[in-house]
Amino acid sequence: MRERYGDDILNHPEFDPDLWMEVGLSGGPDKNWVYRLSNTMVDNLGSTRNVSTVGSSQSISSSQSKEFMALQQHMTQLIDKYDHLSAEYAQLKASHAQQRAESEQIKVSQAQQKAEYEQQKVAYEQQKAAYE
Numbered sequence: 002m003r004e005r006y007g008d009d010i011l012n013h014p015e016f017d018p019d020l021w022m023e024v025g026l027s028g029g030p031d032k033n034w035v036y037r038l039s040n041t042m043v044d045n046l047g048s049t050r051n052v053s054t055v056g057s058s059q060s061i062s063s064s065q066s067k068e069f070m071a072l073q074q075h076m077t078q079l080i081d082k083y084d085h086l087s088a089e090y091a092q093l094k095a096s097h098a099q100q101r102a103e104s105e106q107i108k109v110s111q112a113q114q115k116a117e118y119e120q121q122k123v124a125y126e127q128q129k130a131a132y133e
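Residue numbers (the numbering used here): 2 to 133.
Below, the structure is given as C-alpha cells:
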C-alpha cells in the first residue's frame, strides 16, 4: 500500500483489488483472511474483475462497482458481528470470572462455618463430659 499510495495512510483506499490479487499470487499472507472474504466471494471478484490503474486512480465498471460495494457492506457487517461477539464474549468471560470468585468465597465461608461447628461440637462434648 505504501509503495503504491505513499506513507500517508489517509491517502490509502480501504480496498485495492489489484493489490489484493497480488497478495494472493505473491505467496504473502492469505488475502481472504486479511479482508475476511469467503472463497465464493474471492472467485466472483477474481472472475469479474476488470480494473485499470492510472496513476493512483482506479476505474471500475458499474457492475463491478456494485459487486464491490456489496462485498464491502458484507465485510463491514461481518466485522461488526465479530466485534459484537467479541464484546459479548468478553462480558461472559468477566461474568464467569466473577461467578468463580463468588464460588470461591462461598467455599471459604462454608469452610469457616464447618470449623466453627467443629469447635462448638468439641466445646459441647467437653461440657457434657464435665457434667457427667
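Don't be surprised by glycine CBs; every beta carbon is placed ideally from N, CA and C. Remember, it's a predicted structure, so these values are computed and weren't measured experimentally.
Taking Met2 as the centre and dropping the five residues before and after it, the same chain places the C-beta of His13 closer than 6 Å to its C-beta, in chain order. Around the C-beta of Leu72, 16 or more other C-beta atoms lie within 10 Å, and the residue is accordingly described as buried. For Asp9, the secondary structure class from DSSP, reduced to helix, strand or coil, is coil.
Taken through DSSP and simplified to helix, strand or coil, Pro14 comes out as coil. For Glu103, the uninterrupted alpha helix (DSSP H) segment begins and ends at Ser63 to Tyr132. Taking the Cα positions, Gln127 is about 12 Å away from Glu119.
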